[in-house]
Amino acid sequence: MNTSALRPRRPTRGGTTKAVLYCPDCGHESPPDGNWLRHDEPTRVVYDCPSCEATLTVRPKF
Numbered sequence: 016m017n018t019s020a021l022r023p024r025r026p027t028r029g030g031t032t033k034a035v036l037y038c039p040d041c042g043h044e045s046p047p048d049g050n051w052l053r054h055d056e057p058t059r060v061v062y063d064c065p066s067c068e069a070t071l072t073v074r075p076k077f
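Under our numbering, read the sequence shown as residues 16 to 77, first letter to last.
Have a look at this one:
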């Protein structure tokens, strides 16, 4: 994963910190399980930005 795209979000009212992914191209932000476009391929999973369609990360499929 592109670790520069993962930054901690400010603590919520409950005091917990939530992770947020940021698109390095356009700045779109969403939680890891948010609105990123996920493409399942035979050997990998590709996550693209819903705003600019840049590839955020490519993960191996197990």
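Backbone N, C-alpha and C fix where the C-beta goes; we use that ideal spot for every residue, glycine too.
Quick one: is Cys8 buried, meaning 16 or more other Cβ sit within 10 Å of its Cβ, or exposed?
Any question about residue 8 goes unanswered here, given that the chain covers just 16 to 77.
Can you find the residues in the same chain that come closer than 8 Å, C-beta to C-beta, to Lys76, ignoring five residues on each side of it along the sequence?
Sequence index remark: in the sequence shown, residue 76 carries index 61 (1-based). Cβ within range, chain order: Asp55, Glu56, Pro57, Thr58, Arg59, Val60.
From Leu71, Tyr62, Asp48, His43, residue whose alpha carbon lies closest to that of Lys33
The sequence position of residue 33 within the sequence shown is 18, counting from 1. It is Asp48 whose Cα lies nearest to the Cα of Lys33.
With a threshold of 6 Å on Cβ separation, who are the neighbours of His43 within its own chain once the five nearest residues in sequence on each side are excluded?
On the sequence shown, residue 43 is found 28 positions in, with the first residue counted as 1. Once the five neighbours on either side are set aside, the close Cβ partners of His43 are Cys64, Ser66.
In three-state terms, what does DSSP make of Thr58?
Locating residue 58 in the sequence shown gives position 43, where the first residue counts as 1. Thr58: coil per DSSP, three-state reduction.
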